[in-house]
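**Q** Would you mind keeping the following structure in view while I ask a few things?
Residue numbers (the working numbering), protein chains in the order written: chain A, 860 to 1200; chain B, 860 to 1200; chain C, 860 to 1200; chain D, 860 to 1200.
Below, the structure is given as C-alpha cells:
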C-alpha cells in the first residue's frame, strides 16, 4: 500500500545520504562544533541575507520548540497559539512540561493567527493573577497547510514588537511554504520579521534535523546550555550540519519544497476533477479532501493516509501528504484509482 | 591530527550505513512503530534471553536518562549517583530540569557505587523534609572506564530491591563493558538485575541511538507519552530500529565493543611499555595515562585527546578513547610517536 | 468606602481568633503534626461521616491546587477544566509550572462542567502525541457563584470512574455552596463522589488555610513530601489546625457559609427590586448584577467591588461578594443608596 | 515536657497578636497590596537605610527560597551552597522541583561558605555540558548557628560581583544573627552586599512570614507574577504586613533576636559549667552540646530537643533552640536538671 500519510515516511534525499556516506569516517568534534555545522550555518545565513543570527541544529520539531520556548520565557510567561497549533495539541504537553502555559488564542477556520487574536489575549491578561503572554507561536505552513502572506506575517510581527512579545515561527515544513503558489514571503523575510524561527529538515528531505535561527540578540546568550539541559545536544552533531549544508549549499531545500508542492497540486487537481471538495484550500504539501465514507473505505484498502475528521454523517476529511520522496506515478495511480471507483 | 578524544568522532559502522542506504526509500510508519523497530526490539530481547521487557529507541544518552528518570520518579523522589556520575556532572542539570534532585552519594576512587553508599544515603534521608531517594543511577563502564563485577552489580541490585529502589543503568558504552577483559556480566544479566537500563548505540557504532530496556512492569505504562512529552519521540524512528537491528541481528554489537577494547588495550600496553602509569586501571575503551606536561605538549601538537585533570604540578592525566572506528595503524603510530619522544 | 470586593477583606471570625490567642504560648510540634491538626482532621472526618480519608492543611488555594494536582498526575497527564476554571485563568500558570497542561474543555454559560465535555476531550485525546487527560477539576461554587446539583456531581463522578479519571474539587468557597438555597449536596457526599477535594478556610472565616481531603487511597502515599517539595509545609502548622478545629468542632463553618449567603440574598433581592438584572443566577455569596455605566460610576464613588465585564456599550456586570464578615447594615445602606440614585 | 526543639513551637509575640486582633475587622485589599504591607516595606527600608529595594512578604522559608531562586535563574543555571545548606538538604528538593541544580560546594566544619569554594566550583564548571553556576546561597546564621563576619560576607559579595553571580542570603533567623555577640554586620549592610535576601519572621516572633528584599534591579521585574506562579501570593496579605510592621516600627525584631540569643547563652553557659562540650561554638539561638548517651536518655524523658547526630559510640550531639518565647525559668530548670544528673 502506498502511503500519503506523512512527509517523514522515507529516509533522506540521495544527495544528503551521499554526503553522509562520503564523510562517514572523517573525525570531527562532537556536539555541533564541527566545521560542517559552522559551514551549514554560514550557508543558511547567506541564503537569508542576514548575518546577525545564531543558528543551532537540533534533531526534531517538538524538541526544538520546547528548547527554544523554555529558553525564551521566564517562569510565569506564556505562549500564544491558535487552538490547532502544534505546541497546543500535538506535543503531549511538552511546552507545559517546561513550565509554561500555552494560551489557545483562537479557533480559526484557516489555522492562522491574527493580530486581533493577540490583542484580545493581551486585553484579558492584565495582572499577576494571570500568566503574562510573552511569545507568539505560529507555524508556516499552518497545521492545515495554509500559508501566511507577507502582509499577514508583517502584521503579526508589528503587533509583537508593539507589545514587546517574541514572535516564534515553527517551520517544520518551511520548504513547502517557501515554494507554495501564492507565497510572497522570502526566506530573507523571516529573520527580519521573527525573533526566532526554525527551518525544518525532518519533513523536507533530511533524515532528521531542524535549524533553529535566533535573530533577537537578547535570546542568544548561552543557548547551547539550554540545548544540553533539555537533552537535545546531539553527540554526532556533524550529521545535522552535513545535511543542512547539502540542503543550503545550492537550492536543494527549495527544489524539494517545490517538488512536494507539485505532487500535492497534482493530487489536488485530480481529486477536484473527480468531483470532490476540500476542507480548506491549501497550496502546500498537505491537502484535505472530503470523501464519502464508502470511498474512504475503498481508499483504505489501497492507501495509507490520515483520517483528519468526520465532515458529517456520510463524509470524512482525509489528510494526504506529499514530500520530496513522493513517487509521481503513485500520484497518477491514485487519481486513476479514484476515477475508477 | 588523529583524534583519541572520544568514541563519537566518526559516523557509523559500514554495515549500519549500508542498512540505512538500502532501506532509504521504503515507506514506514513514523515514531518507532515500524517493523524495523519492532524487529530490533525482538532481537535485543532474544540476545538478553528475556522477553518480558519493553524496548524503546531514543536518540541520545542525556535524553534517555532524563526521559527515563523523570518518568520513573514522583516529584519528591531523587536519584542516587556517585559524584562523577554523568547525570550529576555532565548533563547540564537535565535531571534537575525535570524536577528531581541527584544525590551525590560518594566520591569514589574507581567511579563505582557500592551498596554501602546507598545505605548511607538512605540513613540520612528519613522524613518529608528531605527528598526521598528512589532510584539508583550507575553506568557500566563508569565515567572512568572501570567495570562492575557481577557480584558488585548483584549487591547493588539486592540493596535496591531490599529498599524498594529502582536500579537504573546507563549503558552508553555497554558494548565495551560487555567485552572487557575480566567482565563477568552477560547481557542477559542486565534485565534480571536492573529495573531499567539502556544499551548505547551512539558510542558503539551507530550514527545515534540508545535502546532503553524497561524490565520492571510498574515502569512500563504509557512510556511513549513520556518520550513525546520530553521531545524525544523521533519522527523517522525506523532509523534507530534499522541500526539496532543491524547491531543485534548477529554479534556486531559485541564485535565492535571487542574491537574498541582491543585498540585501547594496545594503546595501554604501549604506553605502559613506554614507562608511563595510569590514573586508574581500565579494561574498556577509555584509558587515563599520566604524562609529564612537556610530553603532553608534544602530544597536543599531533593528537586530539581530552585533558582529564592535573595530576600534580608536573604531570597531567589524559583521557584517550578508542572505538569501533579506531585506525589500528594510528594506534601503532601513537605508540611509536611516544617512544620517539 | 465599604467593600463588596471579595470575601477575604477582613481577618478571621472572632471565635477563630480567640482560639489562636488562647493557644498562643503553647508549645507544639511543627509542620502540622500537632494535636490541633490531628483533632481538626478528626472533626472534619466526623462531619463527613467518612473515616478513610487523609486530611492535610495548606495555606492557600492556588498552593493547594498545584500541590495536589502535581502530586496526582504523571508528567504527561493533564487536567480538564472549564475555560473559566480558576486553575485555567487565575493562577498565573501555577499548574503548568509544575509541568501539566490544563485542558480548557468548554466555555459554559453557567461555569459548570458536564460529563459530555469530558467525553469530548477524551475523544480528542487518543494517543501519545497528545497529553493524557487524567484529572477533572471543578469548583463548587463555580467561579461565577453557581452550584452543582447532586445529580450533576454524581454524573461527573460516574464519568470519571468510568474513564479512570480523578475527580478533584476546589472548595475555596465550599461553605457557601453547602449552605446555598437549592443545594442538595451534603458534605458527606464529597468524599464519596470525589477522589480529592479541599474545604476552603481563607474565604470562609479563617485567617488562612485550606483542608485538603484525599479520599482515593492511591493518591495518599507520601503526600507530605509533595507539600514540602512545593514549599507548602507550614512551620507553625497548628495555626491551621486550630482554625479548622474551631470551624468544625460544631457548626461554625456552616453558620458562616449560611450568613454570607444570606447577605448576598439580601443584596440580590434589593438589587432586583431596584429593577436590575443579573448576568447569572447565583445562590451563593457572589452575585453579578448588571448596572448602567452611570450607576456604576456612582457606586464606584462609594463602594469597592470588582468590575466583572462589560455587558454592552452602556451596561457593566459587577461582582459583589459577601462573607462571614459582611456588615448587614452596609448591605441595607447599599440598597438604599441604589434606590436613591 | 518543655521543648527546646525549635523556634517555631509557639504562636506570635503578644504585640504582633495584638496588632492582628486590633485590625481584624478592617477591610483591606488582598494579596499584599494593602497599606500595612506598604508601610511595613517602608519601615524595613528605613531600618536598612536603603530605599532602592523591593520588599515582598511571603509565608514561609522554603517557599521564599524556591520562589526567589527560580525567579532569578535561567533554566540551565544553578545555585551554589554548602553541603549543609537548607536548600540542599532540608527542603525536599524544592529548588530542583523548579528545575535547578543545587551544587554542594563544600563540606565545611563551621557551615560557612567561602570565596575559595565558589572559585573551585566555577573552575569545575566551564562549558555547556555542565550547569552554569549563577547564584550563591548562604544563610546567616548558618544551619549550625554560626555567623558570618562582615569581612567574610564582603569577601563572598566581592567574589560574586567579580564573577557575575547573584548573592542570595537566607535570613530565616536573621534576628538572631543581627544580635549575636561578635556580630559586626548591620542590617544596613545586607542590601549593600547581597542581591537579595530575606528577613525571617516565622522563627523570629511572627505567626508566619518572611520579608524578601530584592536589591539588584535586574531581579525585580514582575516578581509578583513569580510569587503567584508558585502558589505563594497570600490572599490576606495584610496579615504579613501587620506583623512586619510591628516588628520593624521600632526595635521589636532586634529585641526578640537579642532575647533568644540571651536564652541560648544562658543555656550554653550552664551546660559548659556542667562540664560538657559543644560540636561548634555558636553565638546565636541554636546550640549543639555533646552529651553522653545516658544523659541524653534522661534529658529525653523531660525535654524535647533534636538529636543532631551521633558524636561517637557513647556520645551524641543535641540541638537546643531558644526563641523570643523561651521561658527563662525553664532554661534555669534545665541547667539545674543537668547539674542534678
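Glycine included, every Cβ here is placed at the ideal spot set by N, Cα and C. Please read all numbers here as calculations on a predicted model, not as lab measurements.
Locate the alpha helix (DSSP H) running through residue 972 of chain B, then write down its first and last residues.
**A** Stepping through the second chain from its first residue, residue 972 of chain B is reached at position 113. Premise fails: residue 972 of chain B is in no alpha helix (DSSP H) and is neither H nor E.
**Q** Do you know how far the Cα of residue 1001 of chain D is from the Cα of residue 1157 of chain C?
**A** Within the third chain, residue 1157 of chain C is the residue found at index 298, counting from 1. Within the fourth chain, residue 1001 of chain D is the residue found at index 142, counting from 1. In a straight line, the C-alpha of residue 1157 of chain C is about 56 Å away from that of residue 1001 of chain D.
**Q** Report the CB separation of residue 924 of chain A from residue 1029 of chain A in whole angstroms; it is logged as a contact under 8 Å.
**A** By one-based count along the first chain, residue 924 of chain A stands at place 65. By one-based count along the first chain, residue 1029 of chain A stands at place 170. Correct: roughly 6 Å between the Cβ atoms.
**Q** Take residue 1063 of chain D as the anchor and find which of D:1092, D:1033, D:1085 has the nearest alpha-carbon.
**A** Along the fourth chain, one-based indexing puts residue 1063 of chain D at 204. Residue 1063 of chain D has its Cα closest to that of D:1033, out of D:1092, D:1033, D:1085.
**Q** Tell me, please, which residues DSSP counts as bridged to residue 1030 of chain A.
**A** Looking up residue 1030 of chain A in the first chain gives position 171. Note: residue 1030 of chain A sits in a beta bridge opposite A:1058.
**Q** Under 6 Å Cβ to Cβ from residue 936 of chain B, same chain only, skipping five residues before and after it: list those, please.
**A** On the second chain, position 77 is the one that residue 936 of chain B refers to. When the five nearest sequence neighbours on each side are left out, the beta carbons in the same chain lying within less than 6 Å of the beta carbon of residue 936 of chain B are those of 991, 993, in order along the chain.
**Q** Does DSSP put residue 1162 of chain C in a helix, in a strand, or in coil?
**A** As a position in the third chain, residue 1162 of chain C is number 303, starting the count at 1. Strand, per DSSP.
**Q** May I have the straight-line CA-CA distance separating residue 1133 of chain B from residue 1145 of chain B, to the nearest angstrom?
**A** For the purposes of this step, residue 1133 of chain B is identified with residue 274 of the second chain, where counting begins at 1. For the purposes of this step, residue 1145 of chain B is identified with residue 286 of the second chain, where counting begins at 1. Going from the Cα of residue 1133 of chain B to the Cα of residue 1145 of chain B covers about 18 Å.
**Q** How is the alpha helix (DSSP H) around residue 991 of chain B delimited, first residue to last?
**A** Taking the first residue of the second chain as position 1, residue 991 of chain B is located at position 132. Element bounds for residue 991 of chain B: not the alpha helix (DSSP H) but the beta strand (DSSP E), 991-998.
**Q** What number of angstroms, rounded off, separates the C-alpha of residue 1044 of chain B from the C-alpha of residue 1008 of chain B?
**A** Within the second chain, the letter at position 185 stands for residue 1044 of chain B. Within the second chain, the letter at position 149 stands for residue 1008 of chain B. Roughly 7 Å separates the two Cα atoms.
**Q** When DSSP builds the beta bridges, which residues end up paired with residue 913 of chain A?
**A** Position 54 of the first chain holds residue 913 of chain A. According to DSSP, which records beta bridges pairwise, residue 913 of chain A is partnered with A:1073.
**Q** Just mark residue 868 of chain B as buried or exposed, buried being the case when its beta carbon has 16 or more other beta carbons within 10 Å.
**A** Numbered from 1 along the second chain, position 9 holds the residue referred to as residue 868 of chain B. Flag for residue 868 of chain B reads buried.
**Q** Does the Cβ-Cβ distance between residue 912 of chain D and residue 1073 of chain D come in under 8 Å?
**A** As a position in the fourth chain, residue 912 of chain D is number 53, starting the count at 1. As a position in the fourth chain, residue 1073 of chain D is number 214, starting the count at 1. Closer than 8 Å, so yes.
**Q** Could you check how far apart the C-beta atoms of residue 1089 of chain A and residue 899 of chain B are, in whole angstroms? I think they sit under 8 Å.
**A** The sequence position of residue 1089 of chain A within the first chain is 230, counting from 1. The sequence position of residue 899 of chain B within the second chain is 40, counting from 1. Separation of the CB atoms of residue 1089 of chain A and residue 899 of chain B is rounded to 26 Å, and the pair is thereby denied contact status at 8 Å.
**Q** Tell me, please, whether the CB atom of residue 992 of chain D is closer than 8 Å to any CB atom in chain B?
**A** What you label residue 992 of chain D is simply residue 133 of the fourth chain in a count that begins at 1. It does not: the Cβ of residue 992 of chain D has no partner Cβ on chain B nearer than 8 Å.
**Q** Check this for me: beta carbons of residue 870 of chain A and residue 882 of chain B, under 8 Å apart or not?
**A** Counting from one through the first chain, the residue named residue 870 of chain A turns up at place 11. Counting from one through the second chain, the residue named residue 882 of chain B turns up at place 23. Contact flag set, yes.
**Q** Using a cut-off of 8 Å between C-beta atoms, extract the partners of residue 1093 of chain D located in chain C.
**A** The residue labelled residue 1093 of chain D in the question sits at position 234 within the fourth chain. Those within 8 Å of residue 1093 of chain D in chain C are 918, 919, 1067.
**Q** If you drop the 5 nearest sequence neighbours on each side, which residues of the same chain put their C-beta closer than 6 Å to that of residue 895 of chain B?
**A** One-based indexing of the second chain puts residue 895 of chain B at position 36. Here the set comprises 1097, 1100, 1101, 1104.
**Q** By a C-beta neighbour count over all protein chains shown, 10 Å radius and 16 as the cutoff for buried, is residue 951 of chain A buried or exposed?
**A** Taking the first residue of the first chain as 1, we reach residue 951 of chain A at position 92. Per the 10 Å Cβ criterion, buried.
**Q** Under 7 Å between beta-carbons, which chain C residues line up against residue 960 of chain A? List them in chain order, please.
**A** Start at 1 with the first residue of the first chain, and residue 960 of chain A comes out as number 101. 952, 955, listed in chain order.
**Q** So, helix, strand or coil for residue 1190 of chain C, using DSSP?
**A** Taking the first residue of the third chain as 1, we reach residue 1190 of chain C at position 331. Three-state DSSP puts residue 1190 of chain C in a helix.
**Q** Quick check: the Cα distance between residue 839 of chain D and residue 1058 of chain D, rounded to an integer number of angstroms?
**A** Since the first residue shown for chain D is 860 and the last is 1200, residue 839 of chain D is missing from the structure and cannot be characterised.
**Q** Which chain D residues are close to residue 948 of chain B, counting only those with a beta carbon under 7 Å from its beta carbon?
**A** Indexing the second chain from 1 puts residue 948 of chain B at position 89. Those within 7 Å of residue 948 of chain B in chain D are 989.
**Q** Within 10 angstroms of its Cβ, does residue 908 of chain C collect 16 or more other Cβ (buried), or is it exposed?
**A** Along the third chain, one-based indexing puts residue 908 of chain C at 49. Flag for residue 908 of chain C reads exposed.
**Q** Using a Cβ-Cβ cut-off of 8 Å, state whether residue 1087 of chain B counts as contacting chain A.
**A** Within the second chain, numbered from 1, the residue matching residue 1087 of chain B stands at position 228. True, the Cβ-Cβ gap to chain A drops below 8 Å.
**Q** For residue 1081 of chain A, would you say it is in contact with chain D, using Cβ-to-Cβ distances shorter than 8 Å as the test?
**A** One-based indexing of the first chain puts residue 1081 of chain A at position 222. Judged by the 8 Å Cβ criterion, residue 1081 of chain A is in contact with chain D.
**Q** So is residue 999 of chain B buried or exposed if we call it buried at 16+ other beta carbons inside 10 Å?
**A** As a working mapping, residue 999 of chain B is identified with position 140 in the second chain. Buried, because 16 or more other Cβ atoms sit within 10 Å of the Cβ of residue 999 of chain B.
**Q** Kindly list the residues whose CB is nearer than 8 Å to the CB of residue 1200 of chain A, restricted to its own chain and excluding five residues on each side of it in sequence; keep chain order.
**A** Counted from its first residue, the first chain places residue 1200 of chain A at position 341. The answer, listed in chain order, is 1154, 1157.
**Q** Excluding the 5 residues flanking residue 891 of chain B on each side, which residues of the same chain have their C-beta closer than 6 Å to its C-beta?
**A** Within the second chain, numbered from 1, the residue matching residue 891 of chain B stands at position 32. Cβ neighbours of residue 891 of chain B beyond the five flanking positions: 916, 1096.
**Q** Only counting the same chain, and skipping five residues up and downstream in sequence, which positions put a Cβ closer than 6 Å to that of residue 878 of chain A?
**A** Translated into positions along the first chain, residue 878 of chain A becomes position 19. Correct list, in chain order: 1101, 1105.
**Q** Threshold first: 4 residues or longer. Then list the alpha helix (DSSP H) segments lying entirely within the segment 1099-1173 of chain B, N to C.
**A** 1111-1132, 1152-1159
**Q** Beta carbon of residue 980 of chain B, beta carbon of residue 946 of chain B: below 8 Å?
**A** The count along the second chain starts at 1 and reaches residue 980 of chain B at position 121. The count along the second chain starts at 1 and reaches residue 946 of chain B at position 87. Going by C-beta atoms, residue 980 of chain B is not nearer than 8 Å to residue 946 of chain B.
**Q** For residue 937 of chain A, list the residues DSSP reports as bridge partners.
**A** On the first chain, position 78 is the one that residue 937 of chain A refers to. Its beta-bridge partners are A:992.
**Q** Helix, strand or coil: how does DSSP classify residue 882 of chain D here?
**A** Residue 882 of chain D sits at position 23 when you count from the first residue of the fourth chain. Residue state, collapsed to three classes: coil.
**Q** Expressed to the nearest angstrom, what Euclidean distance is found between the alpha-carbon atoms of residue 1197 of chain A and residue 954 of chain A?
**A** Locating residue 1197 of chain A in the first chain gives position 338, counting from the first residue. Locating residue 954 of chain A in the first chain gives position 95, counting from the first residue. Rounded to the nearest angstrom, the two C-alpha atoms are 41 Å apart.
**Q** Let's test the definition: count the other Cβ atoms within 10 Å of the Cβ of residue 970 of chain B and tell me whether it reaches 16, buried, or not, exposed.
**A** Taking the second chain and counting its residues from 1, one reaches residue 970 of chain B at position 111. When all chains shown are included, residue 970 of chain B counts as buried.
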